[in-house]
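**Q** Protein chains in written order, with numbering that gives the first Met the number 0: chain A, 0 to 767; chain B, 0 to 238; chain C, 0 to 82; chain D, 0 to 82.
Cβ coordinates follow ideal geometry from the N, Cα and C atoms, glycine included.
Sharing a structure with you now.
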Amino acid sequence: MTGSAVAGSTEAFAFPGERAVTEAVVREHNLNPLEHQRILELLGRTPTLTELGIFSALWSEHCSYKHSKPVLQTFPTTGPQVVQGPGENAGVLRLPDGWAVAFKIESHNHPSAVEPYQGAATGVGGILRDVFTMGARPVAMLNSLRFGPLDLPRNRYLFAGVVRGVGDYGNCVGVPTLGGEVAFAPGYTGNPLVNAMCVGLLRESELIRAAAEGVGNVLLAVGARTGRDGIHGASFASEELSEKSEARRPQVQVGDPFTEKLLLEASLELITSDLIVAIQDMGAAGLTSSSAEMAARGGVGVEIDTGLVPTREDGMTPYEILLSESQERMLVVATPDRVDEVQRVCRKWELAATPIGRVTDDGIFRVKHHGLTVAAIPGQRLVEDCPIYYPEARESEEARVRRSAIPPLLPKVDLQEALALLLDSPNLASKRWVYEQYDSSVQASTVLGPGGDAGVLRVPGTEFGLAVTVDCNARLVALDPYEGGKAAVAEAARNIACTGARPLGITDCLNFGNPERPEVFFQFKEACRGIADACRAFGTPVTGGNVSFYNESPTGAVDPTPTIGMVGLLAPVDRRVPSQFAAEGDDVLILGATRGELGGSAYWSEIRNFVGGAVPPVDLVAERRLQDLLVSAAERRLLRSAHDASEGGLVVALAEAAIGNAYAPAGVGAQLDLTGYAAGASPEGLLYGEDAGRVVISADPGHRAALVELARTHSVPLFHAGRVGGRELELRLEAGVFRWDVATLRRIYFEAIPRRMQQADAERSIGE
Amino acid sequence: MLNVAVVRFPGSNSDFDALRAAAAVGANSYFVWHRDTDLRGADVAILPGGFSYGDYLRAGAIARFSPVMSAVQRHAAEGGAVLGICNGFQILCEAHLLPGALLRNAALHFVSKPVDLIIEQNQTPFTAAFSVGQHVRLPVAHGEGRFLASADTLRMLEAEGRVVLRYVADSEGSPYQPNPNGSAAHIAGIRNAAGNVVGVMPHPERADDPILGLADGRGFFTSMAAWKPQPNTAKVLIR
Amino acid sequence: MTYRVHVRVMPRSGLLDPQGQAVEHALSALGFGEAGGVRVGRAIQLEVAAPTRADAEARARQMCDKLLANPVTEDYLLEVEEA
Amino acid sequence: MTYRVHVRVMPRSGLLDPQGQAVEHALSALGFGEAGGVRVGRAIQLEVAAPTRADAEARARQMCDKLLANPVTEDYLLEVEEA
Ligand SMILES: Nc1ncnc2c1ncn2[C@@H]1O[C@H](COP(=O)(O)OP(=O)(O)O)[C@@H](O)[C@H]1O
Ligand SMILES: [Mg+2]
């Protein structure tokens with residue numbers, strides 16, 4: 000490297016031919032006057048264009064969390080199981096036998112709105128890197144998706160492209176997808192949500208953190224060459240999608256899962272053989288954020304020469320090299336004496352590892368290009384001094400009104416037909432069309448794949464396993480952000496507990512609109528308050544996550560969607576409980592209290608075209624008791640199946656349990672008598688209400704007494720509704736007897752989405 | 000003890016699964032790298048699933064030229080057993096160790112699910128533990144699994160009993176999970192003339208333990224463990 | 000009158016083409032070191048019934064813009080010949 | 000001298016081409032009823048350094064026979080132009 004500048008000096012020069020930094024140029028970089036002022040103070044001079052680019056990236060919402068930090072700080076983040084809380088590439092929780100689980104969720108919403116296939120694929124790539132850079136081998140993927148209604152061709156195109164992108168990338172890298180969710184609502188038209196979660200396993204002793212240390216240590220760029228892709232991606236993610244952003248849309252990032260797989264193996268080999276000091280993905284804002292953040296974490300400076308970075312195209316400027324978001328690149332820190340070894344390992348995996356800089360002692364983030372210093376910024380302040388905003392939070396009048404309203408229209412159909420209509424709605428129908436495009440069996444550890452309440456995998460060489468899920472009912476959050484936030488965590492925990500696993504902790508992906516709008520920030524603040532309260536009540540700390548603001552488009556704002564990703568521990572793993580009825584003659588029991596509240600229900604929105612009403616409150620204490628009950632019942636192997644009642648209420652939960660596994664020859668019916676259950680609930684509410692905290696279980700009649708006793712000791716309401724058997728789902732109410740042919744329900748449930756996607760299959764045929 | 004070499008290509012992703020499944024039946028299983036030029040005394044070579052070289056161009060098209068493949072060719076010619084699973088099957092076809100080709104699924108989707116299959120041939124190192132006609136359930140996970148060969152080749156495969164594994168046909172109201180990719184004659188796996196080289200699209204190594212919900216795959220590995228290399232196979236081949 | 004249309008849909012220049020890279024590596028490994036700048040795209044061949052060649056080409060363009068090519072990541076090239 | 004070679008690798012005629020069918024179906028759904036006989040293959044573009052055009056073509060053929068096309072299921076077409 001060419002002679003370094005005087006230690007501590009913050010002198011920097013314009014790169015030949017670069018534009019002068021004018022007010023207009025500053026605005027172009029999404030930096031407001033206050034932030035501009037802060038930069039001038041911090042440097043004591045006007046920034047070079049390169050420096051302006053660096054600030055615009057690191058001070059973008061995406062990197063700086065400038066609107067969300069104070070709220071995020073209210074999350075509970077500690078607990079005996081926490082090895083690594085928020086602030087690293089991924090959170091880490093302790094498991095038995097010296098094992099640990101690293102997991103994280105990330106959004107890739109705006110890139111997917113522009114180019115669904117590559118946007119989704121590169122989203123998966125990014126979250127994989129966040130996990131294996133902790134030293135963890137990825138063992139499971141999940142994804143949470145939102146689109147506009149499928150009757151619009153554009154939405155079908157986005158849906159098909161995103162699913163193909165998620166699948167092609169994860170399938171190639173060889174990580175099974177064990178779960179996820181998909182929902183459709185008008186608010187997501189033009190601004191789909193694509194959240195990808197990755198779960199990895201590591202030996203706790205091999206955990207590595209992304210902190211640059213050791214003055215004189217070498218920075219190496221590992222992996223793909225740097226191109227002009229995605230320049231300004233981070234700031235792009237931090238503004239509303241508009242004609243304007245269309246124009247400054249960054250060059251699309253193209254994913255290469257093959258290189259990712261090589262990076263994965265090389266990184267794990269580098270980490271487990273103790274060859275490196277630190278490693279981080281060059282994700283959003285690429286080389287800039289990875290190097291600046293690693294330096295800040297280590298409390299050191301770094302000096303990079305962009306002239307040394309291998310590029311894909313000639314004539315790239317330091318500005319472009321620093322801000323490129325080319326995929327499948329890593330930044331590695333190693334002691335000088337290990338550089339050759341690092342390069343040898345990378346070569347084995349057919350990857351380049353190029354020294355591009357070193358750790359310095361003057362705390363300066365310094366960038367040179369063939370020796371010319373083009374940026375010199377106090378590193379700590381660059382990362383930490385972005386202004387923090389406390390926007391006004393005010394609930395919109397409209398939201399308050401909607402919450403107290405009731406459906407104006409009469410039901411489209413009667414209570415009998417409503418079930419068929421609900422199961423045919425893409426929101427409730429089987430997501431088989433989606434998850435069959437994802438490899439769910441690779442790694443030969445899948446105990447419960449997609450299609451149940453939560454995915455379950457075994458940890459090879461041990462007795463235990465993990466349960467994983469992602470959940471969020473955005474309709475509830477839109478109506479009542481606080482209760483909706485609680486409900487998202489509660490549903491996730493219920494899904495985990497239904498498999499018999501004990502909830503351990505969460506990661507969250509907070510997808511909201513423009514935080515500078517008071518009604519949006521109200522939703523954000525309240526939803527986070529709900530999430531925090533629920534996590535405290537359940538003892539499931541927040542280990543990290545991701546905030547995605549500005550999810551708005553010319554067609555309006557998205558429903559507030561705080562996706563909760565949760566992991567649970569299942570020990571021993573052979574206790575796993577599936578969610579579908581298994582054996583004729585089994586008891587069918589309902590856990591939890593039914594009041595029959597229809598506010599925010601799928602029934603009201605699908606059958607009465609009404610989204611509104613008061614969201615059923617979530618009793619966190621009762622939820623916790625229910626989780627404990629499910630876990631100890633599984634521990635004692637009392638359960639044959641357990642399925643939580645969420646969207647669509649009790650009847651949809653019963654129908655899903657009866658419809659059965661997608662690959663079973665057929666479903667199985669049940670004869671149930673609900674007369675005398677939930678006195679005071681309307682038939683509508685009893686069948687389709689969405690009271691929280693309810694689970695449908697089936698069990699060998701021989702275990703009934705034990706279950707009743709267990710429910711009593713946990714003070715969880717238990718109702719014996721009837722038996723599994725026959726070809727019909729039969730439900731006796733005071734209002735009368737309902738009968739549904741299970742084979743028919745099964746067909747409707749599994750065909751709903753494929754039927755709607757037939758046209759899109761041609762669109763999908765385009766592209767590799 | 001049976002030596003089982005699992006060949007690792009860049010992009011293999013079921014390499015560990017195959018290694019584990021072979022070890023689970025008591026074999027001495029170890030990795031061989033795509034750059035290696037010998038199989039270190041292997042009795043059996045397994046080409047695992049995955050996306051070798053990203054499956055760019057055509058699945059298996061580039062892997063076929065890896066240095067290790069000449070060692071696999073030699074091993075096969077000397078009568079050693081070879082099992083290609085999914086991507087491994089694709090590589091064996093591209094390398095002309097097996098006839099035909101595996102093309103993009105007819106439905107144009109990647110497909111991951113359990114399917115029902117019929118054992119058509121148990122005179123192979125990997126299916127001896129099954130009886131002909133037996134139904135087995137195994138997971139598939141592939142985007143390019145549609146087996147295709149010329150009419151003559153298909154006739155030859157049938158005539159010589161070289162179809163090892165067949166998907167059940169897609170018939171209305173059948174309780175089975177049928178042909179997932181539109182393969183000709185519902186072919187899911189075949190063997191070479193000598194019978195020592197076998198390729199299958201489904202993943203037996205992902206279905207060898209009840210905890211995984213599927214255990215029929217174990218038979219492929221118990222067959223392998225019981226298999227004795229026939230010294231005369233080599234001559235048969237050379238003739 | 001029917002025309003045969005050959006469409007070549009290629010990844011837009013500047014965009015990463017992992018497939019092209021892989022093929023280029025494989026070619027040089029096979030001793031074709033003289034090959035470079037490899038890009039891999041799709042070739043689509045179709046027949047179009049139209050009164051004139053110009054009409055056929057115009058319609059084919061519409062097909063590309065609407066379905067055959069991804070306007071965000073791909074460029075296309077048309078050749079029209081009499082079938 | 001370097002030449003640009005355009006290779007079109009198409010599914011052998013007579014063989015089922017599900018992708019071509021899907022595209023044809025989509026085209027008519029989009030109102031392009033006049034399109035027919037759609038086949039979808041691979042377009043590969045590369046530069047070849049060679050003394051003469053004939054050499055470039057010969058080498059390109061070898062590349063196709065060895066790697067770029069699958070003789071079992073595909074046919075290929077070459078065009079060579081000066082780069
Ligand atoms: N995008 C997806 N990827 C993988 N699996 C999915 C996806 N969407 C839904 N699933 C699976 O389909 C099943 C039903 O999903 P969902 O309706 O959200 O269940 P629940 O309401 O119990 O959370 C779950 O097993 C879920 O994991
Ligand atoms: Mg869910």
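1. I'd like the list of long-range same chain contacts for B/G87, defined as Cβ closer than 6 Å, with 5 residues on each side in sequence excluded.
2. Between the C-alpha atoms of A/V576 and A/C497, what's the straight-line distance to the nearest angstrom?
3. So, is A/I747 buried or exposed, given that buried needs 16 or more other C-beta atoms within 10 angstroms?
4. For B/N86, does the three-state DSSP call read helix, strand or coil?
5. For chain B, is any of its Cβ atoms less than 7 Å away from the one on A/S439?
6. Would you identify the three-state DSSP class for A/V614, choosing helix, strand or coil?
7. Ordered along the chain, which non-local residues of its own chain (more than five positions away) have a Cβ less than 6 Å from that of A/G611?
8. Could you pull the start and end residues of the alpha helix (DSSP H) that A/W432 belongs to?
9. Would the C-beta of A/P15 count as close to ligand 3, meaning under 6 Å from any of its heavy atoms?
10. Helix, strand or coil, according to DSSP, for C/R58 in the structure here?
11. Measure the alpha-carbon distance for A/A644 versus A/P682 and round it to whole angstroms.
12. I need the DSSP call for D/D74, collapsed to helix, strand or coil.
13. Along the region 5–34 of chain C, what residues have a CB closer than 9 Å to any CB found in chain A?
14. Taking all protein chains shown into account, decide if D/Q44 is buried (16 or more other Cβ within 10 angstroms of its Cβ) or exposed.
15. Counting only Cβ-Cβ distances shorter than 7 Å, please list the residues of the region 45–60 of chain B near chain C, keeping chain order.
16. Span of the beta strand (DSSP E) holding A/K103?
17. Looking only at its chain, what residues have a beta carbon closer than 7 Å to the beta carbon of C/R7, apart from the 5 residues adjacent to it on each side?
18. Please confirm if the region 96–112 of chain A is in contact with the region 207–216 of chain A, defined as three or more CB-CB distances below 8 Å between the two stretches.
19. Apply the 10 Å Cβ neighbour rule to A/E259 and answer buried if 16 or more other Cβ atoms are within range, or exposed otherwise.
20. Anyone know if the C-beta pair for B/A4 and B/V31 falls short of 7 Å?
21. To be precise: take each residue of the region 44–60 of chain C, compare its Cβ to all Cβ atoms of chain D, and keep it if any distance is under 7 Å. Which residues remain?
22. Taking its Cβ as the centre, do 16 or more other Cβ atoms sit within 10 Å of B/G40, making it buried, or is it exposed?
23. Under 7 Å, do A/S288 and A/C62 count as touching if we go by C-beta distance?
24. Quick check on B/N27: does DSSP put it in helix, strand or coil?
25. Around the Cβ of A/A246, are there at least 16 other Cβ atoms within 10 angstroms (buried) or fewer (exposed)?
26. Can you list, in chain order, the residues of its chain whose CB lies under 7 Å from that of A/R624, leaving out five sequence neighbours each side?
27. On the premise that A/V617 lies in contact with A/E525, defined as a C-beta separation below 8 Å, what is that separation, rounded to the nearest angstrom?
28. Report the three-state DSSP secondary structure of A/N142 (helix, strand or coil).
29. If the cut is a Cβ gap below 7 Å, which residues of chain A does B/G79 touch?
30. Would you mind sorting A/P256 into buried or exposed? The rule is 16 or more other CB atoms within 10 Å of its CB.
31. Within 10 angstroms of its Cβ, does C/D64 collect 16 or more other Cβ (buried), or is it exposed?
32. Thinking A/A657 and A/L728 are a contact (beta carbons under 8 Å), I'd like their distance in whole angstroms, please.
33. Residues bridged to A/A333 by DSSP?
34. So the candidates are B/I210, B/V110, B/D169 and B/V163; which of them puts its Cα closest to the Cα of B/A187?
35. If you measure beta-carbon to beta-carbon, which residues of the region 98–132 of chain B are closer than 8 Å to chain A?
**A** On the basis of the supplied data:
1. L46 and P47
2. 7 Å
3. Under this definition A/I747 is a buried residue.
4. helix
5. yes
6. coil
7. R401 and A404
8. Its alpha helix (DSSP H) spans residues R431 to Y434.
9. You won't find ligand 3 in this model; what it holds is ligand 1 and ligand 2.
10. helix
11. 16 Å
12. strand
13. Listed by position, the residues of the region 5–34 of chain C near chain A (Cβ gap below 9 Å) are V8, P10, R11, G13, L14, L15, D16, P17, Q18, Q20, A21 and H24.
14. buried
15. Those residues of the region 45–60 of chain B placed with their C-beta closer than 7 Å to a C-beta in chain C are Y52, G53, Y55 and L56, ordered along the chain.
16. From DSSP, the beta strand (DSSP E) with A/K103 extends over W98 to S106.
17. G40, A42, Y75 and L76
18. no
19. Buried.
20. A contact, by the Cβ cut-off of 7 Å.
21. Q44, L45, E46, V47, A48, A49 and R58
22. exposed
23. yes
24. Here DSSP, grouped into helix, strand and coil, assigns B/N27 to strand.
25. Its pLDDT being 48, under 50, A/A246 is placed unreliably in this model, and the coordinates cannot settle the point.
26. Counting only Cβ-Cβ distances below 7 Å, and skipping sequence neighbours, we find H713, S714 and V715.
27. Incorrect: roughly 13 Å between the Cβ atoms, too far for contact.
28. strand
29. What B/G79 touches in chain A: nothing, since even the nearest Cβ is about 25 Å away.
30. Buried is the call here.
31. Counting Cβ neighbours within 10 Å, C/D64 comes out exposed, since fewer than 16 surround it.
32. 5 Å
33. A/V217
34. B/V163
35. Flagged, chain order: A106, L107, H108, F109, V110, S111, K112 and P113.
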